[in-house]
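Here's the structure, in structure tokens; my notes come after.
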Amino acid sequence: MKSLILILLVAVWVSAQDPPSTECKSKEAVANCLEMIDPEKCNDDIPCLCAAYTEANNCFRSCPDDVEAKTYAETAEGFCNWGTDDTDDKPE
């Protein structure tokens with residue numbers, strides 16, 4: 016009987032906990048990582064821009080659901096794939 020009460024108490028305690036937050040708890044680490052990356056130094060060097068934005072995207076590994084992570088991923092993909100589809104347009 017005591018174990019049943021203990022199980023019920025644990026179940027109530029677990030259900031009373033706050034739901035997991037989708038907010039990144041590593042925002043400061045991401046910001047510090049991004050501060051160390053300067054894509055502007057690349058000027059128009061596409062391979063450099065590919066590397067810079069890929070590195071910036073890697074800053075979000077601890078926060079994969081962050082809205083900015085998607086932007087950096089898409090920008091990196093654009094620069095890294097630039098010229099592979101026979102177009103001369105740089106990603107925006």
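Using the numbering used here, read the sequence shown as starting at 16 and increasing by one per residue. Note that beta-carbon positions come from the ideal geometry of N, C-alpha and C, so glycine has one too.
| query | result |
| --- | --- |
| Through-space distance from N73 to E89, alpha-carbon basis | 12 Å |
| C-alpha gap between F94 and L64, whole angstroms | 6 Å |
| Euclidean distance between Cα positions of E50 and A44 | 10 Å |
| Pair within 7 Å by beta-carbon distance, A46 and P54 | no |
| Through-space distance from D60 to G98, alpha-carbon basis | 13 Å |
| Rounded straight-line distance, which links the Cα of A91 to that of A84 | 11 Å |
| Extent of the continuous alpha helix (DSSP H) to which N72 belongs | I61 to N73 |
| Simplified DSSP state of P79, which is helix, strand or coil | coil |
| Extent of the continuous alpha helix (DSSP H) to which E50 belongs | K42 to E50 |
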